[in-house]
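Visitor:
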Amino acid sequence: MNNILIHAQNITKRFGETVAVNDLSLQVRAGEIYGLVGPDGAGKTTTMRLLCGAMRPECGAISVGGHSMLEDPDRAREQIGYLSQKFSLYEELTVLENIRFFAEVRGIPRGEWHARAMEILEFVGLAEFIDRRAGQLSGGMKQKLGLASALIHRPRVLLLDEPTGGVDPVTRQDFWQLIIKLVAPSPPSHLPVGEGSPERSAGQGEGGVSVLVSTPYMDEAVRCTYVGFMKDGRLVVEDKPKVLRERLAGRILEVRGAPLMRLRRAAEGLDGIESVQTFGDRLHLRVQAGTSGAVMANLTGAAHQAGAEISSIKEVHPGLEDVFIALLEE
Amino acid sequence: METVIQTQDLTKKFGDFTAVDGVTFEVRAGEVLGYLGPNGSGKTTTIRMLLGLLRPSAGSATVLGYDILTQPEPIRSRVGYMSQKFALYDELTVRENLEFYAGVYGVRERGHIENTQARLGLSEMTRERVSDLPVGWRQRLALATAIVHGPRLLFLDEPTSGVDPTARRDFWDLIYEFVEEGVTAFVTTHYMDEAEYCGRVGIMSAGKLLAMDSPSGLKRDHLPGLAWDVISVGTLERQDGLTSDASSLPELILRLENCPGVLRAGLAGDHLRAITTDNVTADDLRKALNAGALQIQPAEATLEDVFLALALG
Numbered sequence: 037m038n039n040i041l042i043h044a045q046n047i048t049k050r051f052g053e054t055v056a057v058n059d060l061s062l063q064v065r066a067g068e069i070y071g072l073v074g075p076d077g078a079g080k081t082t083t084m085r086l087l088c089g090a091m092r093p094e095c096g097a098i099s100v101g102g103h104s105m106l107e108d109p110d111r112a113r114e115q116i117g118y119l120s121q122k123f124s125l126y127e128e129l130t131v132l133e134n135i136r137f138f139a140e141v142r143g144i145p146r147g148e149w150h151a152r153a154m155e156i157l158e159f160v161g162l163a164e165f166i167d168r169r170a171g172q173l174s175g176g177m178k179q180k181l182g183l184a185s186a187l188i189h190r191p192r193v194l195l196l197d198e199p200t201g202g203v204d205p206v207t208r209q210d211f212w213q214l215i216i217k218l219v220a221p222s223p224p225s226h227l228p229v230g231e232g233s234p235e236r237s238a239g240q241g242e243g244g245v246s247v248l249v250s251t252p253y254m255d256e257a258v259r260c261t262y263v264g265f266m267k268d269g270r271l272v273v274e275d276k277p278k279v280l281r282e283r284l285a286g287r288i289l290e291v292r293g294a295p296l297m298r299l300r301r302a303a304e305g306l307d308g309i310e311s312v313q314t315f316g317d318r319l320h321l322r323v324q325a326g327t328s329g330a331v332m333a334n335l336t337g338a339a340h341q342a343g344a345e346i347s348s349i350k351e352v353h354p355g356l357e358d359v360f361i362a363l364l365e366e
Numbered sequence: 026m027e028t029v030i031q032t033q034d035l036t037k038k039f040g041d042f043t044a045v046d047g048v049t050f051e052v053r054a055g056e057v058l059g060y061l062g063p064n065g066s067g068k069t070t071t072i073r074m075l076l077g078l079l080r081p082s083a084g085s086a087t088v089l090g091y092d093i094l095t096q097p098e099p100i101r102s103r104v105g106y107m108s109q110k111f112a113l114y115d116e117l118t119v120r121e122n123l124e125f126y127a128g129v130y131g132v133r134e135r136g137h138i139e140n141t142q143a144r145l146g147l148s149e150m151t152r153e154r155v156s157d158l159p160v161g162w163r164q165r166l167a168l169a170t171a172i173v174h175g176p177r178l179l180f181l182d183e184p185t186s187g188v189d190p191t192a193r194r195d196f197w198d199l200i201y202e203f204v205e206e207g208v209t210a211f212v213t214t215h216y217m218d219e220a221e222y223c224g225r226v227g228i229m230s231a232g233k234l235l236a237m238d239s240p241s242g243l244k245r246d247h248l249p250g251l252a253w254d255v256i257s258v259g260t261l262e263r264q265d266g267l268t269s270d271a272s273s274l275p276e277l278i279l280r281l282e283n284c285p286g287v288l289r290a291g292l293a294g295d296h297l298r299a300i301t302t303d304n305v306t307a308d309d310l311r312k313a314l315n316a317g318a319l320q321i322q323p324a325e326a327t328l329e330d331v332f333l334a335l336a337l338g
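Chains as they are written, first to last, in the numbering used here: chain A, 37 to 366; chain B, 26 to 338.
1) Distance cutoff 8 Å, beta carbons only. Does S85 of chain B sit that close to anything in chain A?
2) Helix, strand or coil: how does DSSP classify Y216 of chain B here?
3) According to the neighbour-count rule (16 or more other Cβ atoms, all chains shown, within 10 Å of its Cβ), is Y126 of chain A buried or exposed?
4) For L310 of chain B, which residues of its own chain have a beta-carbon under 8 Å away from its beta-carbon, when the five flanking residues on both sides are left out?
5) Rank B:F50, B:T118, B:K110 by C-alpha distance to the C-alpha of A236 of chain B and give the top, closest one.
6) Just to make sure I have the definition right: I need the residues of chain B whose C-beta is within less than 7 Å of the C-beta of I216 of chain A. Which are they?
7) Output, in chain order, the set of chain B residues within a Cβ distance shorter than 8 Å of F360 of chain A.
8) At the level of alpha carbons, what is the spacing between G308 of chain A and M154 of chain A?
9) Out of B:S273, B:A167, B:G90, point me to the one whose CA is closest to A54 of chain B's CA.
10) If you follow the beta strand (DSSP E) that R318 of chain A is part of, which residue opens it and which one closes it?
11) Could you give the residue range of the alpha helix (DSSP H) that holds D210 of chain A?
12) CA-CA distance, D210 of chain A and G131 of chain B?
13) Which residues, in order along the region 160–188 of chain B, keep a beta-carbon less than 9 Å from a beta-carbon of chain A?
14) Is it the case that the Cβ atoms of I47 of chain A and L86 of chain A are separated by a distance below 8 Å?
15) Assuming D198 of chain B contacts T327 of chain A (C-beta within less than 8 Å), just tell me the rounded distance between them.
16) Give the straight-line distance between the Cα atoms of R136 of chain A and V245 of chain A, rounded to the nearest whole angstrom.
17) Is it right to say M91 of chain A is buried, meaning 16 or more other beta carbons lie within 10 angstroms of its own, or is it exposed?
18) I need the DSSP call for A56 of chain A, collapsed to helix, strand or coil.
19) Along the chain, where does the beta strand (DSSP E) containing K312 of chain B start, and where does it finish?
20) Could you tell me if L337 of chain B is buried or exposed, where buried requires 16 or more neighbouring beta carbons within 10 angstroms of its beta carbon?
21) I think V273 of chain A touches V247 of chain A, with their Cβ atoms under 8 Å apart; what is that distance to the nearest whole Å?
22) Between the C-alpha atoms of A21 of chain B and P75 of chain A, what's the straight-line distance to the nearest angstrom?
23) Give the secondary structure of V88 of chain B by DSSP, where H, G and I count as helix, E and B as strand, and everything else as coil.
24) From the beta carbon of M217 of chain B, is the nearest beta carbon of chain A less than 8 Å away?
25) Near N64 of chain B, which residues of its chain fall below 8 Å by C-beta distance, leaving aside the five closest residues on each side in sequence?
26) Could you tell me if the beta carbon of E329 of chain B falls within a distance shorter than 7 Å of some heavy atom in the ligand NAP?
27) Fully enclosed by the region 261–313 of chain A, which beta strand (DSSP E) runs are 3 residues long or longer?
28) Where do the ends of the alpha helix (DSSP H) carrying L281 of chain B lie?
29) Got a sec: which bits of the region 60–81 of chain B sit with their beta carbon under 9 Å from any beta carbon on chain A, in order along the chain?
30) Taking only three categories from DSSP, how would you classify A238 of chain A?
31) So G269 of chain A and I346 of chain A are supposed to be a Cβ contact under 8 Å. How far apart are they, rounded?
32) Looking at chain B, which residues of the region 313–326 of chain A have a Cβ within less than 9 Å of any of its Cβ atoms?
33) Is N46 of chain A helix, strand or coil by DSSP?
34) By how many angstroms is the C-alpha of L123 of chain B removed from the C-alpha of R133 of chain B?
35) Looking at C-alpha atoms only, which residue of A:C260, A:G201, A:V206 is the closest neighbour of I216 of chain A?
36) State yes or no: is the beta carbon of R270 of chain A nearer than 8 Å to at least one beta carbon in chain B?
See the structure below:
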């Protein structure tokens, strides 16, 4: 078993004249978190919907959990838990009633759903709120209920479409801690184990769950096993976050000083500068390879001429955002 | 320094639910005031009251010197408002949307629309229908409609929601250009990193204004102790031979949480962060973690750390 749980091979999807997903291929193995990033309209949501089997590609192949979405869609869909920012809960039903609904939709036998529901609600931290109406939950708790609903049938694959958008930092933190527990290679001892085989847990089988998550947050993308950057329907680049960041090694300078806007204009005029971005109270300069020394030397003078003072200038390790800005400007 | 917004115990209840709970603050001319909090914390409701669109249940406020209760019309004609949903006419073109809003604000000068378009890089898009524009351009147009009448005060309600990080960055550059010209910006956001761009930040949670200060002031006054980065090599990478469960992030977080003096531990980017009391050292953390190759170093606090410290009490 080669453990590839999500496999897209040259998939393409058009909406009229627009090619929303263009010849895209990706693979996610058990225990991996694949982060999908890119500007709006790049095709991330369409890709997720194709992988879910919610729509069919014009061409290409998709398999999930080892089953072909084209030939065996029911088995393939059984393997998937899906959560998006706009998921629906039944506001009038309680937390437990919502889970029961999703359990029954997923065909979990009557005798099993309750134990499984409590296990999963315990896992996400909602066990104390089983009788609360879903409509009365905070935004973060709703998100956790959404995650629980997506996990009820022990899927081996999780497709998460911007699941933490707008959610409070506490929930965002909790949510990600749950995700990393799910992909862990062996079930952590404090997660209850289901009946039957000892490997069964929130993520079943050896090797943990596969997660494909799209996110606008760079601090989430950087902790993924792999990051894929989409632009105009294509997967433009894909690699481990560390490797992506190394692409710009030596080419990102951080400059602090005041007034920042004048400093920025001074920097924009210099030779060797490819891009200047304001990051809060500092600037990130992307320079051509090998020019960082010269830029640092010239910037002080340029700053003075513009009526600005530099308080610090140094090379910094490139962040994922620096990498994506460079990719988008290509 | 002129005060452009002043609120006193501003409160709004919807039945049993308190959306805004006794909020008091001031915004000064030329500031970029960030109003930071998750969805549902009361940010939009606050703006609606300040625009005179919603009556407060209690408390008072003035905007540009006008009372929100008795003088809402002068407020609305003098401020720019960019709503979260952009409020654009999908079937109209860029130009037609601007003409519509210019008309609403009574802007008569001919060149004004062209100038606004040029300012925001929209000139080439002038004949495009809004429904054909990608979201980043719609965002710019929404900003254009908010400034077409040259207001000195801008209310921007989650202006970068749903827009990718690079477009967000460009948008903030635009805001700063206006601020340099003397415009005051009141911006709500749920992105902690964006709040770092603001001169002062108000932190909202569940209707309450927990604190308001510059980002560095907030970090100085509201962080309970020290921040540490714990960088463990190869924890999320798949490497054969890593069998010890000490390499698993959840286990490491648990060990940090159990270490005396650690107030909070969690994920931060691709490593871990711990907030500890002042007396904790790197060695204390290393001993508690007991996990081999680790880099432990003092970290720069972020607004997210402040938010978590305030929200978790």
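Think of the CB as a built atom: it goes at the ideal place given N, C-alpha and C, for glycine as much as any other residue.
Guide: Let me spell this out:
1) So, not an interface residue.
2) coil
3) Under this definition Y126 of chain A is an exposed residue.
4) W253, V255, L281, C284, V287, A299, T301, I321
5) Answer by Cα proximity: B:F50.
6) In chain order: L274, P275.
7) Chain-order list of chain B residues neighbouring F360 of chain A: P190, T191, by C-beta distance under 8 Å.
8) When rounded, the distance between both Cα atoms is 59 Å.
9) B:G90
10) 318–323
11) 205–219
12) 50 Å
13) V160, G161, E183, S186, G187, V188
14) yes
15) About 23 Å separates the two Cβ atoms, so there is no contact after all.
16) 22 Å
17) exposed
18) DSSP places A56 of chain A in the strand class (E or B) of the three-state scheme.
19) That residue, K312 of chain B, is in no beta strand (DSSP E); its alpha helix (DSSP H) goes 307–314.
20) exposed
21) The Cβ separation is near 20 Å, so there is no contact.
22) Any question about residue 21 of chain B goes unanswered here, given that chain B covers just 26 to 338.
23) strand
24) yes
25) These residues qualify, in order along the chain: H215.
26) Among the components of this structure there are no ligands whatsoever, and the ligand NAP is therefore not found.
27) 262–267, 270–275, 288–294
28) 274–282
29) G62, P63, N64, G65, S66
30) Bear in mind that a pLDDT of 42 at A238 of chain A, under 50, signals an unreliable position, so the number given afterwards is only what the model happens to contain. Three-state result, A238 of chain A: coil.
31) Not really, about 42 Å apart at Cβ, beyond 8 Å.
32) Q313, T314, F315, G316, D317
33) strand
34) 12 Å
35) A:C260
36) no
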